[in-house]
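Asks: The sequence shown begins at 792 in my numbering and counts up by one.
Structure incoming, see below.
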Amino acid sequence: MKKYDVCVIKGDGIGPEIIEEAIKVLDAVSHKFNFELNFDYRLMGGAAIDIMGVPLPDETLNAAKSSDAVLFGAIGGAKWDGLPRELRPESGLLKIRKELGAFANLRPAIIFDELINASTLKPEIIKGVDIMVVRELTGGIYFGQPRVKNEKDALNTMCYNVSEIERVAKVAFEAALLRNKKITLVDKANVLETSQLWREVVSELAGNYEGINLEFMYVDNAAMQLVRAPAQFDVILTENLFGDILSDEASMICGSIGLLPSASIGGKVGIYEPIHGSAPDIAGQGIANPIATILSAAMMLKYAFGENEAAEAIELAVRGVLRDGYRTKDIAQYDAKEICSTVEIGSIIADYAAKA
Ligand code: IPM
Ligand code: MG
792 MKKYDVCVIK
802 GDGIGPEIIE
812 EAIKVLDAVS
822 HKFNFELNFD
832 YRLMGGAAID
842 IMGVPLPDET
852 LNAAKSSDAV
862 LFGAIGGAKW
872 DGLPRELRPE
882 SGLLKIRKEL
892 GAFANLRPAI
902 IFDELINAST
912 LKPEIIKGVD
922 IMVVRELTGG
932 IYFGQPRVKN
942 EKDALNTMCY
952 NVSEIERVAK
962 VAFEAALLRN
972 KKITLVDKAN
982 VLETSQLWRE
992 VVSELAGNYE
1002 GINLEFMYVD
1012 NAAMQLVRAP
1022 AQFDVILTEN
1032 LFGDILSDEA
1042 SMICGSIGLL
1052 PSASIGGKVG
1062 IYEPIHGSAP
1072 DIAGQGIANP
1082 IATILSAAMM
1092 LKYAFGENEA
1102 AEAIELAVRG
1112 VLRDGYRTKD
1122 IAQYDAKEIC
1132 STVEIGSIIA
1142 DYAAKA
């Protein structure tokens, strides 16, 4: 029987609750499709700060590096907000992404027909939306040096080099080949030198990919177009900060930020994580939507292990559960037959996946 080692990092806030449900669903499909998952639970973020004094302990990083994949919940919370930047929970996440070489973050934003009324946008605007945001994840202003914070001034640096752009752009081109063959490079090339370099590098690379339609869009326009006519997008390729912002925007097109999964890949070991944060305001109430994390687990099965059937069983289960009207509170405004807690919807999805 095939065996995979998964390093599981629950994190803070709703992290533990949503990870529990993803594990439940993974257990269900691993039995059904005959593979074994070995879960190794490790600390990161505020939970690690409280016990070990740092957001990413060495033993967590080493365990992640020697695993086959990392499944991650969410981190952060008001309790740790006053800490210096390097000691904040978020620094742990940025460091593990960097250390694992996870430079490409795939964030699919797909409208489930079953949830078409859950979006704040009109159904006719969002029908058929199927976007893949490819966000650069280990460069740009998140990591650029120098970075300074004094009492009177502060400095951050946005920098990119050709190879950083090329490697993530290749991921976007490969993705586009398997989809509708369109890439929109989102940038601010009318103002930023980094964006001008992105345009040059991506244009040159396009020569190697026949049949791909490459277009350029300024990020302010892209933010507007995403709510005006989101169906025009196929693959959105963009740098780290723009991708962070636009993927949150794209999630609301789909109905809730609790729905969007992601895969952070490029290195030997990938990180599979929902795009949302730790939502401390709703932690512990049993109302968090675990679907983004459950779908991230499905991405892990597909991208890290090639267990495509099991991944599809999870995706079908999620759709089936939504079709049958089971909803967590965040997506319950319309068409809900039953409002479920985090644990309830996780169990129902696991049942559907086992039967899929
Ligand atoms: C995300 C999050 C993180 C990011 C934070 C928690 C550092 O917002 O994964 O989108 O900005 O990358
Ligand atoms: Mg974000």
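The beta carbon of each residue, even a glycine, is placed where N, CA and C say it ideally should be.
1. Could you tell me the alpha carbon to alpha carbon distance between alanine 1079 and isoleucine 1139, rounded to whole angstroms?
2. Tell me whether aspartate 1035, by its Cβ, gets closer than 6 Å to a heavy atom of the ligand IPM.
3. How about alanine 865 and serine 1055: do their beta carbons lie closer than 7 Å?
4. For methionine 923, which three-state DSSP category applies?
5. In angstroms with no decimal places, state the Cα-to-Cα distance between leucine 1017 and methionine 923.
6. Among Gly844, Ile842, Phe1096, whose alpha-carbon lies nearest the alpha-carbon of phenylalanine 824?
7. Does DSSP classify valine 939 as helix, strand or coil?
8. Mind checking whether methionine 949 and threonine 985 have CB atoms under 7 Å apart?
9. Using DSSP with H/G/I as helix, E/B as strand and the rest coil, what is isoleucine 1082?
10. Beta-carbon within less than 6 Å of isoleucine 1048's beta-carbon, same chain only, minus the 5 sequence neighbours each way: which residues are those?
11. Just how far apart, CA to CA, sit aspartate 859 and tyrosine 1063?
12. Which first and last residues belong to the beta strand (DSSP E) in which proline 899 is found?
13. Using 6 Å as the cut-off, classify the Cβ of glutamate 1129 as near or not near the heavy atoms of the ligand IPM, replying yes or no.
14. Kindly indicate the opening and closing residues of the beta strand (DSSP E) around aspartate 831.
15. Quick one, are the C-beta atoms of glycine 867 and serine 1069 less than 7 Å apart?
16. For leucine 983, which option in Gly931, Glu1040, Glu1006, Asn971 has the closest C-alpha, if you only look at C-alpha atoms?
17. Tell me, to the nearest whole angstrom, how far the beta carbon of phenylalanine 1033 is from that of valine 977; I am working on the premise that it is less than 8 Å.
18. Starting from valine 799, trace the alpha helix (DSSP H) in both directions and tell me its first and last residue.
19. From this set, Arg990, Thr1029, Arg833, Asn981, which residue's C-alpha is nearest asparagine 896's C-alpha?
20. In the structure shown, what three-state DSSP assignment does valine 1199 receive?
21. Given that a residue counts as buried once 16 or more other Cβ atoms are within 10 Å of its Cβ, and exposed if not, what is alanine 1125?
22. Measuring CA to CA, which of Pro875, Leu996, Leu847 is closest to asparagine 941?
23. I'd like to confirm something about glutamate 927: is its beta-carbon nearer than 6 Å to some heavy atom of the ligand IPM, or not?
24. Looking at glutamate 881 and the ligand IPM, is the gap between the Cβ and the nearest heavy atom below 6 Å?
25. With burial defined as no fewer than 16 other Cβ atoms inside 10 Å of the residue's Cβ, what is the status of alanine 945: buried or exposed?
26. Could you tell me the alpha carbon to alpha carbon distance between tyrosine 1012 and arginine 938, rounded to whole angstroms?
27. Using a 10 Å radius around the Cβ and a threshold of 16 neighbouring Cβ atoms, would you call glycine 1057 buried or exposed?
28. Does the ligand IPM have even one heavy atom less than 6 Å from the beta-carbon of leucine 884?
29. Quick one: using the 10 Å Cβ neighbour count with 16 as the cut-off for buried, is aspartate 803 buried or exposed?
30. Using DSSP with H/G/I as helix, E/B as strand and the rest coil, what is tyrosine 1009?
Replies: According to the structure shown:
1. 15 Å
2. yes
3. no
4. strand
5. 13 Å
6. Phe1096
7. strand
8. yes
9. helix
10. Ser1042, His1067
11. Rounded to whole angstroms, the separation of the alpha carbons of tyrosine 1063 and aspartate 859 is 11 Å.
12. 895-901
13. no
14. 826-833
15. yes
16. Comparing alpha-carbon positions, the option among Gly931, Glu1040, Glu1006, Asn971 lying closest to leucine 983 turns out to be Gly931.
17. Going by Cβ atoms, the distance from phenylalanine 1033 to valine 977 rounds to 6 Å, so yes, they are a contact pair.
18. Where valine 799 is concerned, there is no enclosing alpha helix (DSSP H), although the beta strand (DSSP E) it sits in stretches over 793-802.
19. Thr1029
20. With the chain running from 792 to 1147 in the structure shown, residue 1199 is simply not present.
21. The question names alanine, but residue 1125 is tyrosine in the sequence shown. Exposed, by the Cβ-count rule.
22. Pro875
23. no
24. Yes - the ligand IPM has a heavy atom lying nearer than 6 Å to the Cβ of glutamate 881.
25. exposed
26. The sequence given here has asparagine at residue 1012, not tyrosine. For asparagine 1012 and arginine 938, the distance between alpha carbons rounds to 28 Å.
27. buried
28. It does: the Cβ of leucine 884 is within 6 Å (strictly closer) of some heavy atom of the ligand IPM.
29. Looking at its Cβ environment, which holds 16 or more other Cβ atoms inside 10 Å, aspartate 803 is buried.
30. strand
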